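Data first, discussion second: the structure below is written as structure tokens.
Numbering (this note's numbering), first residue to last: -4 to 297.
In structure tokens:
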């Protein structure tokens, strides 16, 4: 709740953050990637050494997951969109540490292509609660990633069940990490999985509000009206401009600090932090958000 009040206190700013120059923007995302790895390593080490015990294992895992969801995955999202292989690899590593490496394939080749359509499992539909969305989108994105990888390998005439399959490799690596931690210590594995679960829940909350109820016909060009945005400074800086989502969908590889605001993009009633509590109570969320859905993105049945 404190974050919500802070978000309102800092107000909003609709200009691009041009105060960052040179290598500074890259240093920010590199540090966040490293800090995410350190946070998870510290959690596992603390549990293994006995400094974190009993029910504190779950609470420590969940709190680390909050950091992983707010910083680790958000930053990984920025990294996997970069053109440089090193940045993308670091993003994949960060996603792997929360058991969501398939996001790399599904988000770039699936979500960005099908956003707003029924084919996109990461677009929340009009009238869909966050809880229903979670149950649909998590398995839906995983299945979509497998299908997208199948299509890629088919075009390249490469075997599906082979080392060429990124989703297969990523899934095996993640399972091996879980198995290794379980063999090391059951408590360590539980803490690790609690961290991953919380991070994934936060990621999917972000996915939920970014395109909730906005409809795009198949074949229609992606426009600013197909993404919710927020210029509240606190959300912008804490989530490295993720709240300027419309510009991100217009130019996917555009660095975070150069993203701009669009007048035609629908605006969230609060920032990413403030909307969270409304999303948890669906009737309040629907009452708050439905009047703000632009006519150009209204679902046919609404």
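Heads up, the beta-carbon is just placed ideally off N, CA and C, and yes, glycines get one too.
Because the structure is a prediction, the values reported are computed rather than measured.
Please state the DSSP three-state secondary structure of residue i.
| i | result |
| --- | --- |
| residue 297 | Here the model assigns residue 297 a pLDDT of 41, short of 50, so the residue's position is not dependable and the matter cannot be decided. |
| residue 150 | helix |
| residue 78 | coil |
| residue 23 | helix |
| residue 66 | helix |
| residue 249 | coil |
| residue 262 | strand |
Skipping 5 residues on each side, what residues in its chain have a beta carbon closer than 7 Å to that of residue i?
| i | result |
| --- | --- |
| residue 100 | 140, 143, 144, 161 and 162 |
| residue 132 | 116, 117, 199 and 202 |
| residue 165 | 91, 96 and 97 |
Quick one: what's got a C-beta closer than 8 Å to residue i's C-beta in the same chain, skipping five residues either side?
| i | result |
| --- | --- |
| residue 20 | 250, 251 and 252 |
| residue 6 | 227 and 228 |
| residue 156 | 163 |
Let me know if residue i comes out buried or exposed under the rule of 16 or more other beta-carbons within 10 Å of its beta-carbon.
| i | result |
| --- | --- |
| residue 268 | buried |
| residue 280 | buried |
| residue 226 | buried |
| residue 287 | exposed |
| residue 222 | buried |
| residue 238 | buried |
| residue 357 | The chain is shown from -4 up to 297; residue 357 falls before or after that span and cannot be answered. |
| residue 216 | exposed |
| residue 231 | buried |
| residue 80 | exposed |
| residue 191 | buried |
| residue 209 | buried |
| residue 211 | buried |
| residue 296 | Reliability fails at residue 296, whose pLDDT of 47 lies under 50, so the model's placement of it is uncertain and the value that follows must be treated cautiously. With fewer than 16 other Cβ atoms within 10 Å, it is exposed. |
| residue 113 | exposed |
Going along the chain, which residues of its own chain have a beta-carbon closer than 6 Å to the beta-carbon of residue i, five neighbours each way excluded?
| i | result |
| --- | --- |
| residue 257 | 219 and 241 |
| residue 70 | 24, 27 and 28 |
| residue 85 | 28 and 74 |
| residue 67 | 31 and 89 |
| residue 119 | 128, 203 and 207 |
| residue 304 | With the chain running from -4 to 297 in the structure shown, residue 304 is simply not present. |
| residue 72 | none |
| residue 105 | 139 and 143 |
| residue 135 | 116 |
| residue -1 | 268 and 269 |
| residue 244 | 217 and 222 |
State the CB to CB distance for the pair residue i and residue j, rounded to an integer number of angstroms; the pair is presumed to be in contact (CB under 8 Å).
| i | j | result |
| --- | --- | --- |
| residue 64 | residue 206 | Incorrect: roughly 18 Å between the Cβ atoms, too far for contact. |
| residue 189 | residue 60 | 6 Å |
| residue 187 | residue 176 | 5 Å |
| residue 247 | residue 76 | 5 Å |
| residue 55 | residue 38 | 6 Å |
| residue 159 | residue 153 | 5 Å |
| residue 47 | residue 41 | 4 Å |
Which residue spans inside the stretch 203 to 230 form an unbroken alpha helix (DSSP H) run of at least 4? none
Can you list, in chain order, the stretches of the beta strand (DSSP E) that have 3 or more residues and sit fully within the stretch 175 to 206? none
Kindly provide the ranges of any alpha helix (DSSP H) runs that are 4 or more residues long and lie completely inside the stretch 83 to 167, ordered along the chain. 125 to 150
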